[in-house]
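Peer 1:
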Amino acid sequence: MSSAPAPRISAIVPLIALNDYGRRCIEALLRHDGVEVVLIPDERPDDLDPRVVCVPSGTANTSVKRQLGVEAARGEYVALIDDDALPAGGWPEVAITTLADPTIGAVAGPSLTPDDEPFLGQLSFRVFASPLVSGPHRWRYSQVAARDVDDAPSVNLVMRRADALAVRLDTPWAFGEDTVLCERIIRQGWRIRYTPELVVLHSRRPLWRGHLRQLYRWSRRRGAFARAGGLNSLQPSYFAPTALLLGVLSRPVLPRPLRPLWTLGATGYVATCVAAGYDRRPARWWRIAGGIMATHVVYGVGFALSMLGRRLPEEDA
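The sequence shown begins at 8 in our numbering and counts up one residue at a time.
The structure is reproduced here in structure tokens:
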């Protein structure tokens, strides 16, 4: 009996346990021809589709799970995707076509939000997609012109399997592991190519608590990477929220003649955030505008704490 043909691309899906999001992700992936699904849960679920390759990992972090998935994959290419994301049409073909260029080590695309996303998740996406929050990295949340990038989220990142094995995906970092992976790719001399056609639909943490908690974790890791001199963590945009926060807190120490300038700047900042959050529905408008300002504050605090030397558990590991 002949064995089944090897898939072109293997989708690596790390998760703790299979839930409704994960089942929806698997169903969407299996609708694409030539795609193998490699699931890495803590423990093997009872109700798993027999077409799925399952590699139970125990309580490993996400990057270790992805490394196990790459090692088990049979495809020539490996796609990193989260269990709460869905690939859009044409997704495998776009990735494979882009990776035909041997100078490209990974291809990334935007993660948009599903039409059926709950209300507070939609607001979280609006905050992240705002130019006041994502700045030069807005391509992560919008379909803009193709370009080379230096740091792409692993919710939507595709590599040749051989290259992924060469750089390895596993790190001690519980969050921000995609930044470490992208730096490894860059150090190999490869390019990371963003292409707007490589779309996934990604569910979001709800505004406020889930959104801000996730953001704080990201900011702490980004600050640690910047403190260590990471190649893709030294862009001015990552320092901007902390600089803004220091500016806001500077009023008590400013000479009295400069305080009207501070008031003018603070008023302009708030007005800009309010304008950026515009929505025809007031309940959405004030939440988006407030979410932009809260995002700046939380990110600025987390980044500053790490830059000042407050160590994270992964650094000791």
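Beta carbons are placed, not taken as given, at the ideal position from N, Cα and C, and that holds for glycine.
Might you give, ordered along the chain, the residues of its own chain that have their beta carbon closer than 8 Å to the beta carbon of Leu-252, omitting 5 neighbours on each side?
Peer 2: Correct list, in chain order: His-303, Val-304, Gly-307, Val-308 and Ala-311.
Peer 1: Taking only runs that begin and end inside the segment 90-146, name each unbroken beta strand (DSSP E) of 3 or more residues, in chain order.
Peer 2: Taking only runs of at least 3 residues, the beta strand (DSSP E) segments lying wholly in the segment 90-146 are 92-94 and 111-115.
Peer 1: Going by alpha carbons, who is nearest to Asn-163 out of Leu-93, Pro-248 and Arg-51?
Peer 2: For the residues Leu-93, Pro-248 and Arg-51, the minimum Cα distance to Asn-163 belongs to Leu-93.
Peer 1: Going by the DSSP bridge assignment, what does Ser-70 pair with across the sheet?
Peer 2: Partner(s): none; Ser-70 has no beta bridge.
Peer 1: Buried or exposed: where does Val-260 fall if 16 or more other Cβ atoms within 10 Å of its Cβ makes it buried?
Peer 2: Val-260 should be labelled exposed.
Peer 1: Tell me whether Ala-21 sits in a helix, a strand or coil according to DSSP, three-state version.
Peer 2: Just to set this straight, residue 21 is Pro in the shown sequence, not Ala. It is a strand residue.
Peer 1: Can you check whether the CB of Trp-215 is closer than 8 Å to the CB of Ala-301?
Peer 2: For Ala-301 and Trp-215, yes; Cβs fall inside 8 Å.
Peer 1: For Arg-1, count the other beta carbons within 10 Å of its own beta carbon; 16 or more makes it buried, fewer makes it exposed. Which is it?
Peer 2: No information on residue 1 is available, as it lies outside the stretch 8 to 324 that the chain covers here.
Peer 1: Using 8 Å as the threshold, is the C-beta distance between Tyr-285 and Trp-292 below it?
Peer 2: Yes.
Peer 1: Pick helix, strand or coil for Met-8, following the three-state DSSP scheme.
Peer 2: Because Met-8 carries a pLDDT of 43, less than 50, the predicted location of this residue cannot be relied on, and the following value inherits that uncertainty. Three-state result, Met-8: coil.
Peer 1: Identify the continuous alpha helix (DSSP H) that holds Ile-39 and give its terminal residues.
Peer 2: First, the residue type needs correcting, since residue 39 is His and not Ile in the sequence shown. His-39 -> no alpha helix (DSSP H), and no H or E assigned at all.
Peer 1: Verify whether the separation of the beta carbon atoms of Val-101 and Leu-205 is less than 8 Å.
Peer 2: Yes, they are a contact pair.
Peer 1: Kindly confirm or deny that the segment 159-174 and the segment 68-82 touch, where touching means at least three C-beta pairs closer than 8 Å.
Peer 2: A contact exists between the segment 159-174 and the segment 68-82.
Peer 1: Got a sec, what are the start and stop residues for the beta strand (DSSP E) Leu-208 sits in?
Peer 2: Unbroken beta strand (DSSP E) run through Leu-208: 207-209.
Peer 1: Report all residues from its chain with a CB closer than 6 Å to the CB of Gly-41; omit the five preceding and five following residues, and keep chain order.
Peer 2: Only Pro-14 and Arg-15 meet the Cβ criterion.
Peer 1: Under the three-state reduction of DSSP, which class applies to Arg-200: helix, strand or coil?
Peer 2: Arg-200 falls in the strand class under three-state DSSP.
Peer 1: Are Ser-244 and Pro-138 close, meaning C-beta to C-beta below 8 Å?
Peer 2: Cβ atoms of Ser-244 and Pro-138: not closer than 8 Å.
Peer 1: Alpha helix (DSSP H) containing Ala-86: first to last residue?
Peer 2: Premise fails: Ala-86 lies in the beta strand (DSSP E), 84-88, not in any alpha helix (DSSP H).
Peer 1: Decide if Asn-239 is buried, meaning its Cβ has at least 16 other Cβ atoms within 10 Å, or exposed.
Peer 2: By the 10 Å Cβ count, Asn-239 comes out buried.
Peer 1: What are the start and end residues of the alpha helix (DSSP H) that includes Arg-227?
Peer 2: From DSSP, the alpha helix (DSSP H) with Arg-227 extends over 216-234.
Peer 1: Can you find a heavy atom of the ligand SAM that lies under 7 Å from the Cβ of Ala-171?
Peer 2: For the ligand SAM, the structure offers nothing, since it holds no ligand at all.
Peer 1: What residue range does the alpha helix (DSSP H) around Val-151 cover?
Peer 2: Premise fails: Val-151 is in no alpha helix (DSSP H) and is neither H nor E.
Peer 1: Identify every residue that forms a DSSP beta bridge with Asn-163.
Peer 2: In the DSSP output, where bridge partners are listed per residue, Asn-163 has Ile-88.
Peer 1: Run through the DSSP bridge pairs and tell me what Cys-61 is partnered with.
Peer 2: DSSP, once it has assigned bridges, lists Leu-46 as partnering Cys-61.
Peer 1: What do you reckon, are the CB atoms on Pro-267 and Leu-127 nearer than 8 Å?
Peer 2: For Pro-267 and Leu-127, no; Cβs fall outside 8 Å.
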